[in-house]
Amino acid sequence: MFYRILFAALLLVLVTAVHAFEVEPMVMQLDTSGRLSKGSYTVRNDSEDLLPVEVHVFKRVLDENGEESLVASEGDFLILPPIGNIKPKSFQTFKVRYLGIEPLSVSTSYRIVFEQLKIKNQETKTGVNVLFNFGTLVFVSPQNVKPQLSTEINDNAIAVSNIGTGVATMHGRSLSVADENNNKQEVQWSEVADLAGAGYLLPGQTAHIPVADWYSLEGRLKVATFN
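Note that the sequence shown covers residues -20 to -1, 1 to 207 in mature numbering (1 follows the signal peptide of the UniProt record, and there is no 0).
Given below as structure tokens:
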């Protein structure tokens, strides 16, 4: 069964929460086996009340437009503990380990979601209980995989695709472009990230970057490469 969930900046906030809490890290990269197949999260409870949370695992499925669907995949990870009760002004560590038995030839990704649970019979000052969900991003990669970026210019936009086997981290990269007169410009990924709508590209994933205000060359765009 598929669950369609929209995540913005890796964090899904339903509405103003009864209990404020934080999850670190929000992005994790794991191997399929060995010591790097496991990691840990720290969940901090900044409120004055007990914070019950439950952890869920979803595999990400991206369509051709980059829209994300999630399928429950609890068996692919060992989560300890699966449910926690975090004391006020305290924190708890949750350990995770990848257990997937299906062989991987390329990197794949998951959402590990920390869901705040409602405390039975609890009343707030407003009489309304509103809860937080944190959706973290986890990449799982087999050994010896590498990303490879390919660019194409279509309809005054740049399509950047990962034609490799590993996840491509776009943060920190730069985009070099040239126009038909061989005038050149370089911009940082941070300047076009919002247009692309992705900070990471899985194998086979494509992001589209419209030629917009960031483009300062007078001639028509002819060449685009990522460094």
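All C-beta atoms, glycine included, are put in the ideal place defined by N, C-alpha and C.
#### Entry: N-terminal and C-terminal residue of the beta strand (DSSP E) that residue 280 is part of
Nothing can be reported for residue 280, as the shown portion of the chain is limited to -20 through 207.
### Query
How would you label Thr22, buried or exposed, when you count the other beta carbons within 10 angstroms and need 16 or more for buried?
Of the other Cβ atoms in all chains shown, fewer than 16 fall within 10 Å of the Cβ of Thr22; this residue is therefore exposed.
### Query
Between the C-alpha atoms of Phe112 and Phe38, what's the straight-line distance to the nearest angstrom?
C-alpha separation (whole angstroms): 17 Å.
### Task
Go ahead and label Val33 buried or exposed: buried means 16 or more other beta carbons lie within 10 angstroms of its beta carbon, across all protein chains shown.
Counting Cβ neighbours within 10 Å, Val33 comes out buried, since at least 16 surround it.
### Task
Going by DSSP, name the residue or residues bridged to Tyr21.
Bridge partners of Tyr21: Phe74.
#### Entry: Residues near Gly199 in its chain [Cβ-Cβ closer than 8 Å; skip 5 each side]
Within the same chain, Cβ atoms closer than 8 Å to the Cβ of Gly199 are found at Asp159, Glu160, Asn161 and Asn163, the five residues on either side in sequence being excluded.
### Query
Taking the alpha carbon of Glu95 as the point to measure from, which residue in Thr73, Met150 and Pro62 has its own alpha carbon closest?
Ranking Thr73, Met150 and Pro62 by Cα distance to Glu95 puts Pro62 first.
#### Entry: Whole-Å CB distance - Gly115 paired with Val93, under 8 Å assumed
Contact between Gly115 and Val93 holds, since their C-beta atoms are separated by about 5 Å, short of 8 Å.
### Query
Is the distance from the Cβ of Asn142 to the Cβ of Gln72 below 8 Å?
For Asn142 and Gln72, no; Cβs fall outside 8 Å.
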